[in-house]
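Asks: Using my numbering, the first residue of the sequence shown is number 20, and each one after it goes up by one. Glycine included, C-beta positions come from ideal geometry on N, C-alpha and C. Just so you know, these numbers come straight off a predicted model, no measurement behind them. Pasting a structure below so you can have a look.
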Amino acid sequence: MDVIIVIIMLVLYLLAMIFVFSSALLTPYIGKKNLITVVVLGLVVGVVAGAFLAAPMVEDLPDVTRTIVEESVAGTDIVELELSTNGNLTEIINNISAIEGVEKVEYTGITFKVDEQFANNDEKARFLSFLNGTNENITSVDEIANDTFYVNMNDQADPQGILDSIYYTFGQQTYTHLKYTSMQANATVKANNITKIISSIGENDAVVLNITGPTEDMINQINKYLPNQFNAVILSGVLGVLVALAGFFVDSIFTLINKFRKKRKTSSDRERIKRKVVPGTENRKTRSRRASKDSIDIFDESFNESPKQTIGSNKRFKQLTADDLKEKKTTTSNDIFEEEKKSKKGFSFNPFKKSSNKNESTKKATKRNTKSNAKTNTKRNAPRVRPKRK
Numbered sequence: 020m021d022v023i024i025v026i027i028m029l030v031l032y033l034l035a036m037i038f039v040f041s042s043a044l045l046t047p048y049i050g051k052k053n054l055i056t057v058v059v060l061g062l063v064v065g066v067v068a069g070a071f072l073a074a075p076m077v078e079d080l081p082d083v084t085r086t087i088v089e090e091s092v093a094g095t096d097i098v099e100l101e102l103s104t105n106g107n108l109t110e111i112i113n114n115i116s117a118i119e120g121v122e123k124v125e126y127t128g129i130t131f132k133v134d135e136q137f138a139n140n141d142e143k144a145r146f147l148s149f150l151n152g153t154n155e156n157i158t159s160v161d162e163i164a165n166d167t168f169y170v171n172m173n174d175q176a177d178p179q180g181i182l183d184s185i186y187y188t189f190g191q192q193t194y195t196h197l198k199y200t201s202m203q204a205n206a207t208v209k210a211n212n213i214t215k216i217i218s219s220i221g222e223n224d225a226v227v228l229n230i231t232g233p234t235e236d237m238i239n240q241i242n243k244y245l246p247n248q249f250n251a252v253i254l255s256g257v258l259g260v261l262v263a264l265a266g267f268f269v270d271s272i273f274t275l276i277n278k279f280r281k282k283r284k285t286s287s288d289r290e291r292i293k294r295k296v297v298p299g300t301e302n303r304k305t306r307s308r309r310a311s312k313d314s315i316d317i318f319d320e321s322f323n324e325s326p327k328q329t330i331g332s333n334k335r336f337k338q339l340t341a342d343d344l345k346e347k348k349t350t351t352s353n354d355i356f357e358e359e360k361k362s363k364k365g366f367s368f369n370p371f372k373k374s375s376n377k378n379e380s381t382k383k384a385t386k387r388n389t390k391s392n393a394k395t396n397t398k399r400n401a402p403r404v405r406p407k408r409k
């Protein structure tokens, strides 16, 4: 499946879910009693969309995962091949070895099967010994079953020459007919290019039997958790029901969220005092006074550790200590002692000092009289009104 087709199918599937959601949003008009109708609509649309849109995409998921894994995994995989004996085996192996990404091709022998058993054991032994002598590269012939044999060859053997030796032996030493021949080989290929290699191998008269390696192990592990087409249809139906319920109760969900937000925004009396908010002015959008940049909140817990504890921008503020209190006591005691001395010195018998004291006392009296006159002048006199007779 092409990428464009997959994108189109995804868009159509999303449109189907949007249709279910928008239909469920019409509950204020159709009434909340139609919950069953909305759920059935979501189920039907989900199942139909899953059968015609989701299931084909799920079918192609293994190929998608293979492409992703091949790009991320490094190393080599081993591809087990079965070669066609109708062509030239040596040429087929050389063509596969020349494919980009194939590191090497290994083979060990050729399998052949007869259509009937040999007449007796002597005939079978004579046939096998003759086959061993026809080609020096044949190491041994193993009997797998009564009618199946495996011809082992060394690394320097020519596969097509071994096959020709088998044909020659059947034509010369026995009347038993050859049923079929086959040859298997193992190709070591790069894991990040295995898809292209497999398609190229299929063009060279070879069939891929099995693939082993880190790429296949990871792909098999991922494919275990991928849903099949039936599960995709069921999951799509469940998703349609959930989307319908979400659209049905979306209004109630939003109202609950708004109520919860309003509860979080309302502050308690303690928080109002802490923020120094006057009751009745919480909802004001603007304030008459702007907060100063250097202002601090003395109710905040961080005020104890703040360097701005000099309230009123008093930069000369200094925290008192025990020594400061002792100095303050001594200074106050000295001031009291000096005042007592001055008071004692005031009782002197010097006549000149008395005259000066009298002059000062007269000056103070005049000042008081002027202040009292000023107060009386500033007072407003009440108008005299004669009451009317009845």
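Determine the DSSP secondary structure at residue 243, reduced to helix, strand or coil.
Replies: Coil, per DSSP.
Asks: Return the first residue and the last residue of the alpha helix (DSSP H) that residue 136 is part of.
Replies: Careful: residue 136 lies outside any alpha helix (DSSP H) and carries neither H nor E.
Asks: When burial is assigned at 16 or more other CB atoms within 10 Å of the CB, is residue 89 buried or exposed?
Replies: The residue is buried, with at least 16 neighbouring Cβ atoms inside 10 Å.
Asks: Across which residues does DSSP place residue 267 in a beta bridge pair?
Replies: In DSSP, residue 267 forms no bridge with anything.
Asks: Using the beta-carbon count (16 or more within 10 Å), is residue 131 buried or exposed?
Replies: Counting Cβ neighbours within 10 Å, residue 131 comes out buried, since at least 16 surround it.
Asks: Report the residue from 142, 94, 118 and 177 whose alpha carbon sits nearest the alpha carbon of residue 128.
Replies: When each option's Cα is compared against that of residue 128, the closest is 177.
Asks: Between 238, 23, 77 and 182, which lies nearest to residue 199 when the distance is taken from Cα to Cα?
Replies: Taking only the C-alpha atoms, the option nearest residue 199 is 182.
Asks: Tell me which residue opens and which closes the beta strand (DSSP E) that residue 203 is part of.
Replies: Note, residue 203: beta strand (DSSP E), 197-209.
Asks: In chain order, what residues of the same chain lie with their CB nearer than 7 angstroms to the CB of residue 145, ignoring the 5 residues before and after it?
Replies: For residue 145, where only same-chain residues beyond five positions count, the Cβ hits under 7 angstroms are 192.
Asks: Give me the Cα-Cα distance between residue 197 and residue 160, rounded to the nearest whole angstrom.
Replies: If you take the alpha carbons of residue 197 and residue 160, they lie about 16 angstroms apart.
Asks: Taking C-alpha atoms, which residue in 215, 226 and 135 lies nearest to residue 189?
Replies: The shortest Cα separation from residue 189 among 215, 226 and 135 belongs to 135.
Asks: Using the three-state DSSP reduction, which class does residue 230 fall into: helix, strand or coil?
Replies: Three-state DSSP puts residue 230 in a strand.
Asks: Shortest alpha-carbon distance to residue 173 belongs to which of 158, 194 and 224?
Replies: When only C-alpha atoms are compared, the closest one is 158.
Asks: What residues are listed by DSSP as bridge partners for residue 132?
Replies: DSSP output for residue 132 lists 167 and 199 as bridge partner(s).
Asks: How many angstroms separate the CA atom of residue 69 from the CA atom of residue 251?
Replies: When rounded, the distance between both Cα atoms is 6 angstroms.
Asks: With DSSP run on the structure shown, which of helix, strand or coil describes residue 43?
Replies: Looking at residue 43 - three-state DSSP - the assignment turns out to be helix.
Asks: Roughly how many whole angstroms lie between the Cα atoms of residue 147 and residue 213?
Replies: Using only the alpha carbons, I get a separation of about 40 angstroms.
Asks: Is there a Cβ of chain B sitting closer than 8 angstroms to that of residue 180, yes or no?
Replies: No chain B is present in this structure, which holds just one protein chain.
Asks: If you reduce the DSSP assignment to three classes, tell me which class residue 98 lands in.
Replies: Correct three-state label for residue 98: strand.
Asks: Exposed or buried, which one is residue 245 when buried takes at least 16 other CB atoms within 10 Å?
Replies: Classification of residue 245: exposed, given that the 10 Å Cβ count is below 16.
Asks: Following the continuous beta strand (DSSP E) through residue 160, name the residue where it begins and the one where it ends.
Replies: That run of the beta strand (DSSP E) goes 157-162.
Asks: Alpha carbons only, please: which of 25, 232, 71 and 92 is nearest the one belonging to residue 253?
Replies: Nearest option by C-alpha distance: 71.
Asks: Near residue 103, what residues of its chain come up, given a Cβ to Cβ distance below 6 angstroms and the 5 sequence neighbours on each side ignored?
Replies: Only 224 meet the Cβ criterion.
Asks: Assuming contact is defined by CB atoms lying nearer than 8 angstroms, are residue 93 and residue 248 in contact in what I supplied?
Replies: It is not a contact, given that the beta carbons lie outside the stated cut-off.
Asks: How many whole angstroms separate the CB atoms of residue 95 and residue 231, which I take to be in contact at a CB cut-off of 8 angstroms?
Replies: Incorrect: roughly 10 angstroms between the Cβ atoms, too far for contact.
Asks: Just how far apart, CA to CA, sit residue 39 and residue 242?
Replies: Near 31 angstroms, if we compare the C-alpha coordinates of residue 242 and residue 39.
Asks: Exposed or buried, which one is residue 194 when buried takes at least 16 other CB atoms within 10 Å?
Replies: Exposed is the call here.
Asks: Taking the alpha helix (DSSP H) that residue 89 falls in, what are its first and last residues?
Replies: Residue 89 -> alpha helix (DSSP H) spans 80-91.
Asks: Residue 126 and residue 204: beta carbons closer than 8 angstroms?
Replies: A contact, by the Cβ cut-off of 8 angstroms.
Asks: Beta-carbon separation of residue 264 and residue 58 under 8 angstroms?
Replies: Yes, the Cβ-Cβ distance between residue 264 and residue 58 is below 8 angstroms.
Asks: Distance, Cα to Cα, residue 98 vs residue 106?
Replies: Distance between the alpha carbons of residue 98 and residue 106: 20 angstroms.
Asks: Quick check on the burial criterion: 16 or more other C-beta atoms within 10 angstroms. Buried or exposed for residue 43?
Replies: By the 10 Å Cβ count, residue 43 comes out buried.
Asks: From this set, 41, 100 and 155, which residue's C-alpha is nearest residue 227's C-alpha?
Replies: Residue 100 is the option with its Cα nearest to residue 227.
Asks: Tell me the residue span of the alpha helix (DSSP H) that contains residue 113.
Replies: It spans 108-116 - the alpha helix (DSSP H) in which residue 113 sits, taken as one unbroken run.
Asks: Below 8 angstroms between beta carbons: does that hold for residue 276 and residue 85?
Replies: Contact: no.
Asks: Excluding the five sequence neighbours on either side, which residues of its own chain have a C-beta within less than 6 angstroms of the C-beta of residue 270, listed in chain order?
Replies: Contacts found: none.
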